[in-house]
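A.B. asks: Letter by letter, the sequence shown follows residues 1 to 274 of the working numbering.
I'd like to ask some things about the structure below.
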Amino acid sequence: MIAFLAGRARRAVVTACCRIGHATLAFVALLSAQALAQPAVAEIRIAFVGDSMSDGIWGGLVRMTSTDPCLKGQFDLGRFGNNGTGLTRPDRFDWPQEVKRIMTTFRPDLLVVSLGLNDRQFIVDVNAGKAHIEYGTPEWIPKYTEQVTAFLQNGSEARAGLLWIGIPVMRDPVANNDALEKNKIYSGAIANLGNSKVQFVQPWRLNPNGPEAFKSIGPGRDGSIIALRAPDGVHFTSAGYDMLASYLYPKIVENLEQNQIAVPRSCGKQAGHS
């Protein structure tokens, strides 16, 4: 009799365990189904547009977002830099039309623009029989401003608008003076556009609180002295573009959030960086 009762008790325990197990599996399956039913969070689409400087900035942001666990997989960073191009030679590459195409095909939430490195030359007026407007003449700045404005008008319809990054300090004095003048043109054209979603971003500065002078080396993220600028005196090294990325990311976040696009915060550390 005792053995019989013990057997019944064991069978009851087994039955109860099976029921609990089935209930647990059903609950897990329900959670999985609910998780699958949740819509995937869309990546934030940012188009990096312009010349070789734009391409370098794109690389810096790719490294930053792909090695930061809090940012990885949150962005779709479109690479639309085209080396050797600018706004003076629409007969070779028409940026106002190209940015319109990017808006249609990539549909970015935000455009990040860097142009001007290749624009210290004559402008080809494709609407006037490809007439040349010589660099340095009184007609050059108004025509160049016209090209900048056409670009801005075609690229300002992104949900969060457009950030135009100024040209940084150059090693060659003539090139640097040209960069300073172009930054005035860009910022002026943006101000005249009157669109709060389109903003001019001052270029990254090695010395943000004093006179800016070109230096090839400087402190990196961890404070150690590294090569920041490329040997050509124009571009940056990979480490230099990483510094630009750290400078630009908060401005990108601010712009997106001002336009009701939620943005993840950086964990503060990227793989390979202290």
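Glycine included, every Cβ here is placed at the ideal spot set by N, Cα and C.
Secondary structure at serine 156, three-state DSSP: helix, strand or coil?
C.D. replies: What you label residue 156 is simply residue 156 of the sequence shown in a count that begins at 1. If DSSP states are grouped into helix, strand and coil, serine 156 belongs with coil.
A.B. asks: Determine, using beta carbons only, whether glycine 78 and arginine 45 come nearer to each other than 8 Å.
C.D. replies: For this step, residue 78 is matched to residue 78 along the sequence shown. For this step, residue 45 is matched to residue 45 along the sequence shown. Their beta carbons are under 8 Å apart, which means glycine 78 touches arginine 45 by this criterion.
A.B. asks: For alanine 150, count neighbouring C-beta atoms within 10 Å of its own C-beta (all shown protein chains included) and say buried if the count is 16 or more, exposed if not.
C.D. replies: Here residue 150 corresponds to residue number 150 of the sequence shown, with the count starting at 1. Alanine 150 comes out buried.
A.B. asks: When the Cα atoms are used, what is the spatial distance from glutamate 43 to phenylalanine 93?
C.D. replies: Here residue 43 is taken as the residue at index 43 of the sequence shown, counted from 1. Here residue 93 is taken as the residue at index 93 of the sequence shown, counted from 1. Each residue's Cα considered, the two are about 30 Å apart.
A.B. asks: If the criterion is Cβ atoms closer than 8 Å, does the pair lysine 197 and leucine 248 meet it?
C.D. replies: Stepping through the sequence shown from its first residue, residue 197 is reached at position 197. Stepping through the sequence shown from its first residue, residue 248 is reached at position 248. The answer is no: Cβ separation not under 8 Å.
A.B. asks: Does glutamine 258 come out as helix, strand or coil in the three-state DSSP assignment?
C.D. replies: Looking up residue 258 in the sequence shown gives position 258. Reduced to three states, the DSSP call for glutamine 258 is helix.
A.B. asks: Would you kindly report the start and end of the unbroken beta strand (DSSP E) that includes alanine 57?
C.D. replies: Taking the sequence shown and counting its residues from 1, the one referred to as residue 57 is at position 57. The residue asked about is misnamed: residue 57 is isoleucine in this sequence, not alanine. No beta strand (DSSP E) contains isoleucine 57, which is instead part of the alpha helix (DSSP H) from 52-67.
A.B. asks: Suppose you measure from the CA of methionine 243 to the CA of asparagine 183; what does that come to, to the nearest Å?
C.D. replies: Here residue 243 refers to the residue found at position 243 of the sequence shown. Here residue 183 refers to the residue found at position 183 of the sequence shown. C-alpha separation (whole angstroms): 20 Å.
A.B. asks: Measuring alpha carbon to alpha carbon, tell me which residue in Glu157, Asn177, Leu87, Asn176 is nearest proline 142.
C.D. replies: In the sequence shown, counting from the first residue as 1, residue 142 sits at position 142. Here the closest residue by C-alpha is Leu87.
A.B. asks: Please report the distance separating the alpha-carbon of glutamine 270 from that of valine 62.
C.D. replies: By 1-based counting over the sequence shown, the position of residue 270 is 270. By 1-based counting over the sequence shown, the position of residue 62 is 62. Low confidence applies to glutamine 270: its pLDDT is 48, below 50, so where it sits in the model is not reliable enough to give any reading.
A.B. asks: Does DSSP put serine 32 in a helix, in a strand, or in coil?
C.D. replies: Within the sequence shown, residue 32 is the residue found at index 32, counting from 1. In this prediction, serine 32 scores a pLDDT of 44, lower than 50, which makes its location untrustworthy; no coordinate-derived value is stated.
A.B. asks: Can you tell which of Gln74, Arg159, Ile123 has the C-alpha that lies nearest to the C-alpha of glutamine 260?
C.D. replies: Counted from its first residue, the sequence shown places residue 260 at position 260. Minimum Cα distance to glutamine 260 is reached at Arg159.
A.B. asks: Using a C-beta cutoff of 8 Å, does glutamine 74 count as contacting chain C?
C.D. replies: Among the chains in the structure shown there is no chain C, since it carries only a single protein chain.
A.B. asks: With distance defined between alpha-carbon atoms, name the residue in Val263, Met103, Ile167 nearest to leucine 180.
C.D. replies: As a first step, residue 180 must be located in the sequence shown, where it is residue number 180. If we check each option's Cα against that of leucine 180, Ile167 comes out closest.
A.B. asks: Round the Cβ separation of valine 124 and valine 49 to the nearest angstrom and send it over; I've been treating them as touching at under 8 Å.
C.D. replies: Position 124 of the sequence shown holds residue 124. Position 49 of the sequence shown holds residue 49. In fact, because the Cβ distance is near 20 Å, the residues do not count as touching under 8 Å.
A.B. asks: Using only CA atoms, which one of Gly136, Pro211, Asp232, Ala239 lies nearest to glycine 223?
C.D. replies: Numbered from 1 along the sequence shown, position 223 holds the residue referred to as residue 223. Among Gly136, Pro211, Asp232, Ala239, the Cα nearest to that of glycine 223 belongs to Ala239.
A.B. asks: Which same chain residues end up closer than 6 Å to threonine 85 when comparing Cβ atoms and leaving out the 5 residues on each side of it in sequence?
C.D. replies: Looking up residue 85 in the sequence shown gives position 85. Hits under 6 Å: Asp51, Phe93.
A.B. asks: Let me check one thing: in DSSP terms, what residues is alanine 239 bridge-paired to?
C.D. replies: Looking up residue 239 in the sequence shown gives position 239. The partner list for alanine 239 (beta bridge, DSSP) is empty, contrary to what the question assumes.
A.B. asks: Can you look up threonine 24 in the DSSP assignment and give me helix, strand or coil?
C.D. replies: Residue mapping note: residue 24 aligns to position 24 of the sequence shown, counting from 1. Summary for threonine 24: the model assigns pLDDT 46, below 50, so the residue's position carries little reliability; its value from the coordinates is reported in the next sentence. Three-state DSSP puts threonine 24 in a helix.
A.B. asks: Run the CB neighbour count on threonine 137, radius 10 Å, all protein chains shown included, and call it buried at 16 or more, exposed below.
C.D. replies: Walking along the sequence shown from the start, residue 137 turns up at place 137. Result: exposed.
A.B. asks: Given that a residue counts as buried once 16 or more other Cβ atoms are within 10 Å of its Cβ, and exposed if not, what is isoleucine 225?
C.D. replies: Taking the sequence shown and counting its residues from 1, the one referred to as residue 225 is at position 225. Exposed: under 16 other Cβ atoms inside 10 Å.
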